[in-house]
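Numbering (the numbering used here), first residue to last: 854 to 1211. Here a beta-carbon is modelled for each residue, glycine too, at the ideal position from N, C-alpha and C. Beneath this line is the structure, given in structure tokens, with notes to follow.
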Amino acid sequence: MGAEPIRFWGDQLPPNADKMVKEKWIQARAARPSLRAGGKRPVVNFLALSGGGDDGAFGAGVLCGWTARGTRPEFDVVTGVSTGALTAPFAFLGPRYDAALKDVFTQSNTKDIAVLHPVRGLLGGDSLASNAPLAKVIAHYVDEAFLAEVAEEHRKGRRLLIGTTNLDAERPVIWNMGEIAASGRPEALDLFRKVLLSSAAIPAVFPPGFIEVSAGGATYDEMHVDGGATREVFLVPTQFMAKTVDRRLGIDPIRRAYIIRNGRVAPEYKAVKARTLSIAGRAVSSLIKSQGVGDLNELYMFARRNGIDYNLAYIPADFPDTSTQAFDPVYMTKLFDIGFNAGRAGYPWHKKPPVFGE
């Protein structure tokens, strides 16, 4: 869409990684002269938001409570997957969007997100439900003015990254949303919205996002679905080595990663009915939880290798799932309040993922 790439594979280090980091630092130093001052190490704050469906209300609550406490930093890099992708643009633009964030995660119900058509889906369609209502929600908030704000922050050296899964390739894709917003291209708004919708497109439940690409003189439609199919949460490709890049660029920042897992991490007992859909649904949810915990462990090891301060938040094990529908506003409001109260009180960030203990 312009002079710079707008995406890269999420499972390998981009060949232009050094250039990307260098550009970020040039922009950041121009926007914040204090970064050029000697004697003080600059601080880089990462925020990573996981998938989790309606449990995204937890992360929204933590962020809003953090604002209320008055200690929420400006994040240099914000990443999001699935429901985290819907939260990420609001978190990226800062506390002035907290009211919108709360509204999305406490006032929405299932009909605001999806229209069910299970028979069509089971008889050869591409999904069990339409996500047209969710597309309208995204379009309501993400307009030209919103896009311009993202572009402005991108030019200051901040980055908004969203993860999808290229289902044809079976690989994660990371989209540089600020680069899209700053491209000035007429199709930028539509692509920005489509990436967010695709990242939240639960395979088989919602239709995939088809993104038109040109290669080798031909035009193709890539199929993109929920980023959680390959990564439940991410920071940057794990091959990134901070010390190597810092040495090349002559920088020495303090890096802090705040990871919000929109879900629980401990096993939960629930009697499963001996029916096909019940068994399949429980098996898939167990798989997603296990993968999510595995991603938290991988990020912990990545943080240790790169000297990054690791901070993790997740839904307390004793908070019951009382939802009566896929997106239950009563449940989501209670979960938002749990996150908000914890954030306002000063969230007790976990310094290790659950498998490593405290």
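Beta-carbon spacing of residue i, residue j below 7 Å
| i | j | result |
| --- | --- | --- |
| ALA1054 | ASP1074 | no |
| ASN1115 | GLY863 | no |
| LYS877 | GLY1031 | no |
| ILE1027 | PHE899 | no |
| PRO1106 | VAL897 | yes |
| THR901 | ILE1112 | A small fix is needed here, since residue 901 is Ala in this sequence, not Thr. Yes, they are a contact pair. |
| PHE1015 | GLY933 | Inspection of the sequence shows that residue 1015 is occupied by Ile rather than by Phe. It is a contact, given that the beta carbons lie within the stated cut-off. |
| THR963 | ALA1179 | yes |
| VAL1086 | ASP1148 | yes |
| PRO1082 | PRO1060 | Reading off the sequence shown, one finds Ala at residue 1082, where the question assumed Pro. No, they are not a contact pair. |
| ILE1033 | PHE1045 | yes |
| SER1036 | ALA938 | no |
| MET1185 | THR959 | yes |
| THR920 | PRO895 | no |
| LEU866 | GLN1144 | no |
DSSP beta-bridge partners of residue i
| i | result |
| --- | --- |
| ASN1029 | LEU1014 |
| PHE899 | VAL930 and ALA1110 |
| MET1076 | PHE1063 |
| ALA1166 | ILE1113 |
| ASN1019 | ARG1024 and HIS1077 |
| ALA1035 | Paired residues: none, contrary to the question. |
| ALA1071 | ALA1068 |
| PRO1056 | PHE1059 |
| HIS1203 | LEU1165 |
Cβ-based burial, residue i [other Cβ within 10 Å; buried from 16]
| i | result |
| --- | --- |
| ALA1156 | buried |
| HIS1203 | buried |
| GLY1192 | buried |
| ALA1071 | exposed |
| PRO1201 | exposed |
| ASN1159 | buried |
| ILE859 | buried |
| TYR1122 | exposed |
| GLU1040 | exposed |
| LEU1049 | buried |
| ALA1170 | exposed |
| SER980 | Note on SER980: pLDDT 49, under 50, position unreliable in the model; the coordinate value appears next. It is buried - the Cβ of SER980 has at least 16 other Cβ atoms within 10 Å. |
| VAL930 | buried |
| LEU975 | Because LEU975 carries a pLDDT of 44, less than 50, the predicted location of this residue cannot be relied on, and no value is offered for it. |
| ARG1109 | buried |
| VAL1125 | exposed |
| PRO886 | exposed |
| VAL972 | Because the pLDDT of VAL972 is 39, which lies under 50, any placement of that residue in the model is unreliable, and the number read from its coordinates should be weighed accordingly. Flag for VAL972 reads exposed. |
Cβ distance (whole Å) where residue i is taken to contact residue j below 8 Å
| i | j | result |
| --- | --- | --- |
| GLY923 | ASN1194 | The pair is not a contact, with the Cβ atoms about 15 Å apart (cut-off 8 Å). |
| VAL1226 | TYR1167 | Limits of the chain in this structure are 854 at one end and 1211 at the other, which puts residue 1226 out of reach. |
| ASP871 | VAL1098 | 6 Å |
| PRO986 | ASP965 | 5 Å |
First through last residue of the beta strand (DSSP E) which encompasses residue i
| i | result |
| --- | --- |
| TRP862 | 860-862 |
Range of the contiguous alpha helix (DSSP H) that encloses residue i
| i | result |
| --- | --- |
| HIS1007 | 997-1008 |
| ASP1148 | 1129-1158 |
| PHE1189 | 1182-1198 |
| MET873 | 870-884 |
| THR940 | 936-946 |
| LYS1096 | 1095-1102 |
| PHE958 | 951-960 |
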